[in-house]
Amino acid sequence: MLSSIQPKLCLGFLFIASPLFSFIIHQTFIEESLLLFHKSDYTLTIESQSRIEETQTLKGIRVKQNAFIPKAENKEPKFAYVFLLAGVYPETLFTNGGFYGILAANEFFKQVVNSTADVVAMIRIHKDSQATSFAPEQEDIFKRVGIKLEYIPKPAVDNFFTAMFDKFRMLSLTEYDRVMFLDSDIQPLCNLDYIFAESMGENATLEPNVIRAGKIEAVNGGLFMLEPNKDDADRAFKYINERYKYGLNWNTTIGWQEIQAPDHWEALKLKNVMNWGFNGGDADQGFLFYWTKYIKRSVSILFPNKIEHWRCAEEVKQGTPLDWNSKCHFEEGKERLYGNDPWIDKQFIHYVSDMKPWFMSSTEYIQEVPTDSNVYGEDAKVFDYRKSCKKKMIGIQESRQLWFQLLSMASRRAQMNINFTSIFPLKYQELGRWATKKKKSESEAHYHEGWVRFNIDKPNRL
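Just so you know, the sequence shown maps onto residues 1 to 462 in full-length UniProt numbering.
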């Protein structure tokens, strides 16, 4: 029981889809413009230079230029997509599927949709490795394709459990206004920069923290956005280290904090749940929900047909403990993200279990790709990502073809000369309970080792 650190719930505002407030996202496919938002009687254009241009009026109120630039600092906001590569040995980097997943996702963001956000890879070298970083020639690969490296400390126990908590080290990336975490087995199908932009400034549609509801979980930790802050980074690992003390004695009722009616959480297939027994509730997914809703008290939760917004006034956020308070209402009138379908999950593919592309034979998917990196034009005979951005789901086979094509492009830009037929399919690697084809009991034991062997005197803190 984490009784010493239990802030309580604040009220939220649930915004249900309504045709009155709906507007449609149109992707534009020219370098000078990322997104075009249409809404009843006005239009906003978010350009690659990260600014909002005034175009018309809405009920006599003019839309401000630079509306999502922070008031405290009159500067262009900076954003980053963040990946984690944990438990890696430099000498076996080229047999690590996550490495190739990051390269493919970066290629899509940088070369296909011209994202203005940085791509950062947080690297956790395996605790048993003598190395503390990649070799210079390996770092050059990341540098050539524009991926920034951030090395994070080695853990006392190197497994899936401790790796999942290391996602939250991105809170220390304070050079950015927003950071979005993506698992390395996620392949984006659209430019996601608009999520960053929609959380900035006085006219923000989203909170600074954005999470996605899971099928039967309060949250899915594969993709989420946070607002970096060094104090928050230290604070987050204070809670995480406190969690380690309880080891295997995880009480699904108390969890990170006991949830009491009328408070509850929802998933895609569950309603009115008040426990922490969901998958990952004892690890990253539970902490993500706890951190954004109960600690930060500022989060937008995406569902297929609605968005939950939770926000408290700043003076209320400072209160300890925090009870139900009228100052925690989310103000009326916030617009939806995209019409009747705010489900970001249609804009990326998350390869689960053994469905990951790197476990496939490349001969089934790889084909010759033109040397010109701009191969996604109107007449390109390769994957047309615009189809997915129009909310049409693509098949697993087609997405894998895209993945190998992107990796082929990255290979040339990074001067890697990947021999696809000899490298793929990769062998399964031990990462955690769902990463291999081991018996569940064996994999569970390795997962829980993070609790049993973790030395609390040497906490895994920033």
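Glycine included, every Cβ here is placed at the ideal spot set by N, Cα and C.
CA-CA distance, residue i and residue j?
i	j	result
Asn203	Ile344	21 Å
Leu93	Ser408	17 Å
Ile125	Ala105	21 Å
Tyr151	Ser133	7 Å
Asn220	Ala163	16 Å
Thr252	His264	14 Å
Lys427	Met355	13 Å
Trp324	Tyr294	Unreliable placement is indicated for Trp324, whose pLDDT of 40 sits below 50; the coordinate value is still reported in the next sentence. Those two C-alpha atoms are separated by around 12 Å.
Gly87	Gly255	27 Å
Glu91	Glu137	12 Å
Trp358	Leu206	34 Å
Leu85	Glu266	30 Å
Phe79	Leu248	37 Å
Leu270	Pro304	13 Å
Asn96	Asp234	30 Å
Lys245	Phe165	15 Å
Phe142	Ile186	18 Å
Asp128	Val113	39 Å
Ala218	Glu398	30 Å
Phe83	Pro153	15 Å
Ile147	Asp118	7 Å
Asn279	Gln260	20 Å
Asn275	Glu242	19 Å
Leu171	Lys230	7 Å
residue 501	Asn272	Residue numbering for the chain in the displayed model covers 1 to 462; residue 501 lies beyond these limits and cannot be assessed.
Tyr89	Pro262	48 Å
Ile123	Leu268	33 Å
Glu76	Phe108	23 Å
Val145	Trp250	43 Å
Leu226	Leu149	19 Å
Phe99	Gln257	36 Å
Leu223	Asn417	30 Å
Applying the criterion that 16 or more other CB atoms from any shown protein chain within 10 Å of the CB defines a buried residue, is residue i buried or exposed?
i	result
Asn419	exposed
Ser361	exposed
Gln285	buried
Val352	exposed
Arg169	buried
Ile102	buried
Pro228	buried
Gln405	buried
Ile349	buried
Ser184	buried
Thr421	exposed
Ile216	exposed
residue 535	One cannot answer for residue 535 here, as it falls past the ends of the chain, which runs 1 to 462.
Ser50	Note that Ser50 has pLDDT 30, beneath the 50 cutoff, so the model's placement of it is unreliable and the number below is only indicative. Counting Cβ neighbours within 10 Å, Ser50 comes out buried, since at least 16 surround it.
Lys346	buried
Thr363	exposed
Val452	Its pLDDT being 38, under 50, Val452 is placed unreliably by the model, and the measurement read from it follows with that caveat. So Val452 counts as exposed.
Gln401	buried
Ala414	buried
Ala435	Because Ala435 carries a pLDDT of 37, less than 50, the predicted location of this residue cannot be relied on, and no value is offered for it.
Gln130	exposed
Ala197	buried
Ala135	exposed
Name the DSSP beta bridge partners of residue i, please?
i	result
Ala86	Arg124
Ala80	Asp118, Val179
Arg412	Looking at the DSSP assignment, Arg412 forms no beta bridge with any residue, so it has no partner.
Leu302	Arg212, Ile307
Ile186	His350
Leu223	Leu182
Arg273	A small correction: the amino acid at residue 273 is Val; Arg does not occupy that position in the sequence shown. DSSP output for Val273 lists Trp265 as bridge partner(s).
Practice item. Report yes or no: do three or more beta-carbon pairs, one from the stretch 292-301 and one from the stretch 174-190, lie closer than 8 Å? Key: no
Exercise for review: For the stretch 225-269, list the alpha helix (DSSP H) runs that are entirely contained and at least 4 residues long, ordered along the chain.
Suggested key: 230-244
Exercise for review: Would you check if the stretch 200-215 and the stretch 153-171 touch, i.e. whether three or more CB-CB distances between them fall below 8 Å?
Suggested key: no
Practice item. Entirely within the stretch 89-153 and at least 3 residues each: give me those beta strand (DSSP E) ranges in chain order. Key: 118-125, 147-151
Review point. Between the stretch 303-314 and the stretch 234-248, are three or more C-beta pairs nearer than 8 Å?
Key: no
Check your understanding: Taking one C-beta from the stretch 274-293 and one from the stretch 182-192 each time, how about it: are there three or more such pairs within less than 8 Å?
Key -> no
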